[in-house]
Structures are given as C-alpha cells and as structure tokens.
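Each number in our numbering comes from the position in the sequence shown (counting from 1) with 231 added on. Glycine included, every Cβ here is placed at the ideal spot set by N, Cα and C. Since we're looking at a predicted model, the values are computed, not measured.
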Amino acid sequence: MSLLLKNGRIFTESGVLKGGYLLIERERIVSIGTGSRLPRADEVIDLKGNIASPGFIDIHTHGIADIDFMGSSAEDLHRSFEKYLQFGVTRLLPTTLSNPFDTILEQVKLLRRVGDESPHGAMMHGVHVEGPWLAWRCRGGHPEEFLLVPRKEDVELLIGEVGDTVKTVTFSPELKNAAWMCETLSVHGIVPVIGHTEATYEQTMEVIRAGARHVTHLFDADIGFRESDTEALTMEPGMETAVLINDGVSVELIGCPIHVPTPLFRLVDKVKPHDRKILVSDSLIGAGMPEGSVITFRDGRQAEVKQGVLRMIYRDNPDLDGNITGSAITMNMAVKRLSEYIDAPLEEASRWATINPAILLGIEQETGSLRVGKRADIAVFDDSVHVVMTLLDGEPVYRNSL
Ligand SMILES: [Zn+2]
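Written out as structure tokens, the structure is:
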C-alpha cells in the first residue's frame, strides 16, 4: 500500500519544497521531491498548496476538550487521541498533576493501558510526571497537601512500577535529595526536568551536573534573578541564568503571551541553540473548545475558554472572576503565535514543536521531521496553521476540508 501526497509545501529538514510531493509506503516516508514527474502510488491526495509539516509533539499537556489526564475514564482517555489529531499532534506525553503518590502511579498505569490498547496508541510516547516533588512557594496549580520531598522508596517505586512509561519528571532542584533523584532517574533513562522552583544558580548547577537537561515552562512558576541579601541593587543569578547559559539544557515555553510575555520568547530564541527550544501547550481541559465554552472542574468550579486561556467564573466575586487558571491553547495555535513573537517563518517556529522535542525524548531517528526513512507522522495545514489533515504512521487519521 503506497500513498502519494502531492502539490504541497513540504517542511523538510533542509528547507521548504514548494510544489512538492511525499511518497509513503506502509508507515514510512520513502521519497520526497518536486517536479511534474510524480512517482506512482496506490492512492494520491492533492494537498492543494497546503503545508505538510512533521506532526506536532506536545511534551506537556494535562488534557484537552472535556478530557483530564488525572481524572477521566479509560473511554475518555481513548477519545483524547482523536482530539489531539485534530490539532496536528502526533506524539504527546500526557502529564500528571501532584496527587497522593499512589494515585499518580495508578493513573500512569491507566494511561499505559490506554496507550497499549488504543488504535492511535502510538501517539502516546509515555507520561510526564509533574510533581509531587515541587517547592511549596512555586507550586502554581499543584495542591500543596500533596507536595513531597524525594524519598528513596517513592522514587524506586516509580521506577519499578512505571519506569517503562514515565519519560520525564519535573521536580524542584532546591529540595533535599534532588541531585540524588536526578542521577537515579537518568540511569533509568528518565529525563529529569527542572521546574516550579526558586532554586539558586548553584542548586541548579548541581542538578544539571546530576543529569537534569530540560526545564518545564520557563518563566512560569519559577523565580530567577533576585536582589542580593547583602549587596543592595546587586542581582543574584538564579535558575534561569544556569539553564540559559548551559547549551545542553533545553527549555520549554507555553505558547501563550499571557503565560509568557512576548519579549521572553525572543530572549530564548536568541540565546538558546536552535535545537534546545521547545514549545508546549500545558493545556488543561477546555483546550481546543470554541471561544466562550464553559467547563466544569471536578470540584464544581467553572471556567471559560478565552483566547487560549482558561479564566475562572465567579459571578458574585469580582476579585476572583476572570482569574487565569491555566492554558487552553492547542499546538497549532501555539506554533502560529510563536512565528509572530519571534518574527520567524512557520517552518522555523514548527521546529520548536517537532524535531526539538523529538531530540529531547531521543525519538528523532523515528519521527519529528520529514525525511526519507522516518515514520510518516504529518500535519497538513494552511498559512493560519488551521489543520486540514493529520497522518499517523502514514495513515490519514484526521481529515477536514481536504
Ligand atoms: Zn503542567
């Protein structure tokens, strides 16, 4: 079975091919080119001038639409894959939130089972465990009653029970045993990720030496530069300084100007090596739903989707009404916005959401770019990054107006 995608703008590793084609056999790309002499194929799809990009890889997402990775049933979790495909995502790391430790382990096991059983389970590369090893002051949306300091027995339980599924763990470097945990996770192939932290420069350097090599939503729920305690008007370097000057450490930004003021996108774009910049949604339920949709959390509180963020609804309390409670952005929208913030063409912005996260996860030989031999995980979209088709392993699994 072969499939030819023709008449597209193909985002290849080495540039954009206009009027290009992609030939796919079974799940792999076997030929990429331009010109009027097209290879033969069993099936042909005309891309009508749309862009063919590698599928997006979202390494930090808590949910989408009405589905919450910490609370939804197996049936709903199965459904989540189809939702992500609508926005061009072909790989994701469902992300947990601080909870009783046993609950986190059980949820990772449920996600593993769903990934194994679902027809689109290939999309789930593994799980990102965010918390419970987070600093109290920087906990953000993580409930304080569940925060923990890394203990040997918990870390060993995580590795023993779900070490095959957990790919990344976000923790705060200033916690006791953090460096030890980094070494232990690294030895077992799990990426230790710095985040939710007010760590000093030295504390951050210690965990980088111990294997930490990524940062969760930089500039959100962390504290960097601060004034010296002993020398007035003198700045102390903090976590940001350590991670921005270490080229081996990648950083992720939420693709939303409310979570990350736009000059900070330009700062990261300028100082980080081209393959160490990653875009994430950090989306909660509500993501991808129409503007103005109202969602209800498990505790009964309600929030409204407004321009890619969730804002709380407290009709009787003007102080709280409209407060931000999280991101509702989708990856396609994040890529479009990023290209505006850093003033770069879409093919450059899309790297932050495709090959760069693939490199962090060590799957760049399989997916993350359009190259002969790789899996045909492809998002097709227009110049507004409105997704019209998504292919997973060479199969068109989502199609809309194409
Ligand atoms: Zn998160």
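Considering just the uninterrupted stretch of the alpha helix (DSSP H) at residue i, what are its terminal residues?
i: D289; result: Careful: D289 lies outside any alpha helix (DSSP H), inside the beta strand (DSSP E) at F287 to T292.
i: T461; result: Counting along the chain, T461 falls outside any alpha helix (DSSP H), and DSSP gives it neither H nor E.
i: S311; result: A305 to L316
i: P588; result: I586 to L592
i: F612; result: Note, F612: premise wrong, no alpha helix (DSSP H); beta strand (DSSP E) at I609 to F612.
i: R602; result: Segment: none, R602 is in no alpha helix (DSSP H) and carries neither H nor E.
i: P494; result: T493 to V502
i: I476; result: M470 to I476
i: E579; result: L577 to R582
i: S558; result: Careful: S558 lies outside any alpha helix (DSSP H), inside the beta strand (DSSP E) at I555 to S558.
i: L328; result: Counting along the chain, L328 falls outside any alpha helix (DSSP H), and DSSP gives it neither H nor E.
i: T265; result: Premise fails: T265 lies in the beta strand (DSSP E), R259 to T265, not in any alpha helix (DSSP H).
i: M412; result: A409 to V418
Roughly how many whole angstroms lie between the Cα atoms of residue i and residue j?
i: F312; j: W411; result: 35 Å
i: Q434; j: K503; result: 21 Å
i: R457; j: A443; result: 23 Å
i: A430; j: T292; result: 24 Å
i: L633; j: S615; result: 15 Å
i: G593; j: I586; result: 10 Å
i: T559; j: A409; result: Residue identity differs from the one stated: residue 559 is Ala in this sequence, not Thr. Using only the alpha carbons, I get a separation of about 31 Å.
i: V540; j: D277; result: 35 Å
i: L191; j: I509; result: The first residue shown for the chain is 232 and the last is 633, placing residue 191 beyond what the model contains.
i: Q538; j: M355; result: 27 Å
i: G264; j: V603; result: 10 Å
i: R542; j: G479; result: 36 Å
i: A452; j: S403; result: 11 Å
i: D289; j: V446; result: 14 Å
i: E384; j: M301; result: 23 Å
i: L475; j: W583; result: 16 Å
i: A283; j: T598; result: 14 Å
i: K398; j: G531; result: 32 Å
i: H296; j: L316; result: In the sequence as displayed, the identity of residue 296 is Ala instead of His. Whole-angstrom Cα-Cα distance: 12 Å.
i: R310; j: D347; result: 14 Å
i: K605; j: V491; result: 33 Å
i: G394; j: H505; result: 30 Å
i: L378; j: T621; result: 38 Å
i: L308; j: E337; result: 14 Å
i: I421; j: H359; result: 10 Å
i: S481; j: R497; result: 15 Å
i: G372; j: T326; result: 13 Å
i: D624; j: G250; result: 23 Å
i: P363; j: S262; result: 46 Å
i: L449; j: G319; result: 24 Å
i: V217; j: S459; result: There is simply no residue 217 to check, as the chain begins at 232 and stops at 633 in what is shown.
i: V525; j: D608; result: 32 Å
i: D550; j: I544; result: 11 Å
i: Y629; j: V618; result: 9 Å
i: D500; j: Y572; result: 10 Å
i: E306; j: V418; result: 34 Å
i: M232; j: G266; result: 23 Å
Which residue or residues does DSSP assign as beta-bridge partners of residue i?
i: L510; result: L484
i: Q533; result: T527 and I544
i: D453; result: T428
i: L622; result: I609 and P627
i: V566; result: DSSP, once it has assigned bridges, lists no residue as partnering V566.
i: E433; result: In DSSP, E433 forms no bridge with anything.
i: P423; result: V400
i: V446; result: I425 and V482
i: R322; result: I288
i: I282; result: R240 and F612
Between which two residues does the beta strand (DSSP E) holding residue i run?
i: I241; result: S233 to T243
i: A296; result: Note, A296: premise wrong, no beta strand (DSSP E); not H, not E.
i: T399; result: V397 to F402
i: E626; result: E626 to R630
i: V616; result: That residue, V616, is in no beta strand (DSSP E); it is neither H nor E in DSSP.
i: E348; result: E348 -> not in any beta strand (DSSP E); alpha helix (DSSP H) instead, spanning F332 to E348.
i: K249; result: G246 to E256
i: E274; result: E274 to D277
Between residue i and ligand 3, is the CB less than 7 Å from at least one heavy atom?
i: E392; result: As presented, the structure is devoid of ligand 3, carrying ligand 1 as its sole ligands.
Taking Cβ positions only, does residue i come closer than 8 Å to chain C?
i: V424; result: Note that chain C does not occur in the displayed structure, where there is just one protein chain.
Contact shell at 6 Å, judged by CB to any heavy atom of ligand 1, ordered along the chain: The set of residues with a C-beta under 6 Å from any non-hydrogen atom of ligand 1 comprises H291, H293, T326, E361 and D513, given in chain order.
Every unbroken beta strand (DSSP E) within the region 354 to 405, with a cutoff of 3 residues, ordered by chain: Segments of the beta strand (DSSP E) lying fully in the region 354 to 405: 358 to 361 and 397 to 402.
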